[in-house]
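Novice:
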Amino acid sequence: MQPIIDFITGNWAMFLTVCGTLGSVIYLVLDTRYARKAAITEGLDDLHNKFDEVESRVDKVEQELQHLPSAKDVAELNGAIRDMKGETTSLRTSIKGLSRLVNLLVEKEVNKGEK
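Under our numbering, the first residue of the sequence shown carries the number 3, and numbering increases by one thereafter.
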């Protein structure tokens, strides 16, 4: 152990240079491999901003969806439209009958005037 200490004390400048060079190489390798705290913080800030933007867009969509009819409302509307279609069909048949009667009355009045 003593010869190592004597070597270090005798060549301390070279020992410190080698240690500094090795430390710098290790620091550079770690620096390229892992992200810095500032970069992580900046990335997190960007992520928070994007998350807030998406959250506001989702809130807008939710507000618009509240005004849309539910599935129950759509089913009720479909039923009402079917009922209305049936009523118009029966009304059409009634109108055809009335139209025929009106035509006969008009024909009778026209024939009465010719005599």
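Note that the Cβ used here is the ideal one computed from N, Cα and C, for glycine as well.
Rounded to whole angstroms, what is the Cα-Cα separation between Gly25 and Asn51?
Specialist: Taking the sequence shown and counting its residues from 1, one reaches residue 25 at position 23. Taking the sequence shown and counting its residues from 1, one reaches residue 51 at position 49. So the two alpha carbons sit approximately 38 Å from each other.
Novice: Could you tell me the boundaries of the alpha helix (DSSP H) in which Ala41 lies?
Specialist: Working through the sequence shown from its first residue, we reach residue 41 at position 39. That run of the alpha helix (DSSP H) goes 39-68.
Novice: Please tell me whether Phe17 and Ile10 are closer than 8 Å, where the distance is taken between their beta carbons.
Specialist: On the sequence shown, position 15 is the one that residue 17 refers to. On the sequence shown, position 8 is the one that residue 10 refers to. Yes, the pair counts as a contact, with Cβ atoms nearer than the cut-off.
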